[in-house]
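**Student:**
Residue numbers (full-length UniProt numbering): 1 to 351.
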């Protein structure tokens, strides 16, 4: 336990042989349970998970062997006198029969954490890029009541992102802006960071069954958290890259995640500002977007008419420009309102 709270860590792993064992081995002692999910790897990841799990579980004090350690069935926690929980096995290996993506592996781990009623559930990748020594920095804001969800931020300081390639930084910056707009967390940075922690309350209410299963699960979860009024904290941390190879294809990644963010953005406006409550910023967004789209279509038609028939460009072009400025102003006002509504929902942990 950590500060009287039970701590679980979900470790999604796909082809992480040579890395995932060290993640298990270096997990802080206060972590009560690790849910290590092999997402149908094609290398020796599952074998390595089993070996390290057996070693950790066998060395755990005052526990009895559990024949269901490597199964998908529920393991019943044993109550102790002080009202807390002691788990029969510290490491719970789970293997997917088919590849479901990192988001799918995360959903599996989150479900198990909810079944075990873990107070706070963190996520650490199976590739060893996430420093276990700073896990407490993700737990403290939740325990102290300042946040329901914490996430890493590698972009806050230049020295923290020195290990990040220019291509990664460029792609991350684009997705940071798109996720700010979609989620309503305007101070948030580095939404792709998978080093996170979430309270039991938030996990129960955020709707993990519908969570996106591709790599954009982090972005998707932020939108859902905001729609439910949850508070988040950005935790500054350095970027760490080793010998592991990323399976992300960034061209497809940005395309898929951008489409998902657009759909989630519209869903958030509907749920948060039209169904659960009413705020005119939703109408500002809609009117601004439609007006801007009409202005761009009008500008295109004006150029075509000029080239095809020699029509004057001035009148049509002026109307299109006025429409574009009007639409842009409505969009900026909508963003400003959104910032004001959500400014108390996020904090930054800089040290």
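Heads up, the beta-carbon is just placed ideally off N, CA and C, and yes, glycines get one too.
Please report the distance separating the alpha-carbon of residue 351 from that of residue 238.
**Tutor:** Whole-angstrom Cα-Cα distance: 11 Å.
**Student:** Comparing alpha-carbon positions, which option in 181, 55, 33, 331 lies nearest residue 286?
**Tutor:** Nearest of 181, 55, 33, 331 to residue 286, Cα basis: 331.
**Student:** Given a cut-off of 8 Å, decide if residue 149 and residue 196 are closer than it, judged by their beta-carbon atoms.
**Tutor:** It is a contact, given that the beta carbons lie within the stated cut-off.
**Student:** Look at the Cβ atom of residue 91, then the Cβ atom of residue 7, and state whether they are nearer than 8 Å.
**Tutor:** Not closer than 8 Å, so no.
**Student:** Drop a sphere of 10 angstroms on the beta-carbon of residue 320, count the other beta-carbons inside from all chains shown, and report buried for 16 or more, exposed for fewer.
**Tutor:** Flag for residue 320 reads buried.
**Student:** Pick out whichever of 289, 218, 301 has its Cα sitting closest to the Cα of residue 325.
**Tutor:** Selected option, being the one with the closest Cα: 289.
**Student:** State yes or no: is the C-beta of residue 45 within less than 8 Å of the C-beta of residue 16?
**Tutor:** It is a contact, given that the beta carbons lie within the stated cut-off.
**Student:** For residue 125 versus residue 280, is the C-beta spacing smaller than 8 Å?
**Tutor:** Contact flag unset, no.
**Student:** Determine, using beta-carbon pairs with one atom in the stretch 132-152 and one in the stretch 197-205, whether at least three such pairs fall under 8 Å.
**Tutor:** Counting Cβ pairs under 8 Å, three or more are found: they touch.
**Student:** Which complete beta strand (DSSP E) runs does the stretch 100-165 hold, if anything under 3 residues is left out?
**Tutor:** DSSP runs (the beta strand (DSSP E)) wholly in the stretch 100-165: 120-123, 149-153.
**Student:** Would you mind giving the Cβ-Cβ distance between residue 222 and residue 191, rounded to the nearest angstrom? I have them listed as a contact below 8 Å.
**Tutor:** That belief holds up - the Cβ atoms of residue 222 and residue 191 are roughly 6 Å apart, short of 8 Å.
**Student:** Please report the straight-line C-alpha distance between residue 2 and residue 121, rounded to a whole angstrom.
**Tutor:** Approximately 12 Å between the Cα atoms of the pair.
**Student:** Out of 334, 24, 314, which has the shortest C-alpha to C-alpha gap to residue 129?
**Tutor:** Answer by Cα proximity: 24.
**Student:** Starting from residue 196, trace the beta strand (DSSP E) both ways and give me its first and last residue.
**Tutor:** Unbroken beta strand (DSSP E) run through residue 196: 196-199.
**Student:** Rounded to the nearest angstrom, what separates residue 9 and residue 33 at their Cα positions?
**Tutor:** Rounded to the nearest angstrom, the two C-alpha atoms are 6 Å apart.
**Student:** Can you tell which of 297, 296, 268 has its C-alpha closest to the C-alpha of residue 283?
**Tutor:** Cα-wise, what sits closest to residue 283 is 268.
**Student:** Between which two residues does the alpha helix (DSSP H) holding residue 340 run?
**Tutor:** Element bounds for residue 340: 314-342.
**Student:** Can you tell me where the alpha helix (DSSP H) with residue 21 in it begins and where it stops?
**Tutor:** It spans 20-25 - the alpha helix (DSSP H) in which residue 21 sits, taken as one unbroken run.
**Student:** Mind checking residue 322: buried by the 16 CB within 10 Å criterion, or exposed?
**Tutor:** Classification for residue 322: exposed.
**Student:** Who pairs with residue 234 in a beta bridge, going by DSSP?
**Tutor:** The partner list for residue 234 (beta bridge, DSSP) reads 151, 348.
**Student:** Assuming contact is defined by CB atoms lying nearer than 8 Å, are residue 174 and residue 232 in contact in what I supplied?
**Tutor:** Not a contact, by the Cβ cut-off of 8 Å.
**Student:** Check the DSSP bridge columns for residue 33 and list the partner residues they point to.
**Tutor:** Partner(s): 8.
**Student:** Which whole-angstrom value is the C-beta distance of residue 39 and residue 100, which I expect to be below 8 Å?
**Tutor:** About 6 Å; that satisfies the 8 Å criterion.
**Student:** Give the straight-line distance between the Cα atoms of residue 218 and residue 308, rounded to the nearest whole angstrom.
**Tutor:** When rounded, the distance between both Cα atoms is 48 Å.
**Student:** For residue 154, count neighbouring C-beta atoms within 10 Å of its own C-beta (all shown protein chains included) and say buried if the count is 16 or more, exposed if not.
**Tutor:** Answer is buried; the Cβ neighbour count reaches 16.
**Student:** To the nearest angstrom, how far is the alpha carbon of residue 296 from that of residue 187?
**Tutor:** Taking the straight line joining both Cα atoms gives about 30 Å.
**Student:** Distance check for residue 207 and residue 345, CA to CA, integer angstroms please.
**Tutor:** Going from the Cα of residue 345 to the Cα of residue 207 covers about 19 Å.
**Student:** Ordered along the chain, which non-local residues of its own chain (more than five positions away) have a Cβ less than 8 Å from that of residue 14?
**Tutor:** Cβ within range, chain order: 38, 39, 40, 41, 45, 99, 102, 105, 126, 247.
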